[in-house]
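Enquirer: Numbered according to our numbering, the sequence shown spans residues 357 to 439.
The beta carbon of each residue, even a glycine, is placed where N, CA and C say it ideally should be.
Here it is, the structure, as structure tokens.
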Amino acid sequence: DQFHHVSAAFLQLEKRYQEIIEDTTKRMGAGMAKFICKEVETVDDYDEYCHYVAGLVGLSLSKLLLASALEILTPDWEQISNS
């Protein structure tokens with residue numbers, strides 16, 4: 357019901373930000389879809405599911421901050437963002 361507001365705000369973003377959000381959303385959706393018919397039964401399953409629902413958010417936020425130049429790139433930024 358409020359999707360048009362979200363869509364309009366997304367389209368006002370610079371292309372570089374849109375691309376980060378689009379990539380993350382696709383990866384998150386695909387990862388979560390793996391668990392529609394598969395239950396989380398092991399610690400490895402749990403780690404994988406958590407990566408898709410939370411880890412990718414951290415990575416995405418880091419990418420957005422890097423793209424905006426509000427954050428500096430460090431060699432281990434991806435590991436830190438996904439921890």
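Are the beta-carbon atoms belonging to Tyr408 and Met384 less than 8 angstroms from one another?
Expert: yes
Enquirer: With distances taken between CB atoms, is the gap from Ser416 to Ile377 smaller than 8 angstroms?
Expert: yes
Enquirer: Alpha carbon to alpha carbon, how far is Phe359 from Ala365?
Expert: 10 angstroms
Enquirer: Among Gly387, Leu420, Glu434, which one has its Cα closest to the Cα of Gln374?
Expert: Of the listed residues, the one whose Cα sits closest to Gln374 is Leu420.
Enquirer: Using 10 angstroms around the beta-carbon of Ser437, count the other beta-carbons present and answer buried if the total reaches 16, otherwise exposed.
Expert: In summary, Ser437 is buried, with 16 or more beta-carbon neighbours lying within 10 Å of its beta-carbon over all protein chains present.
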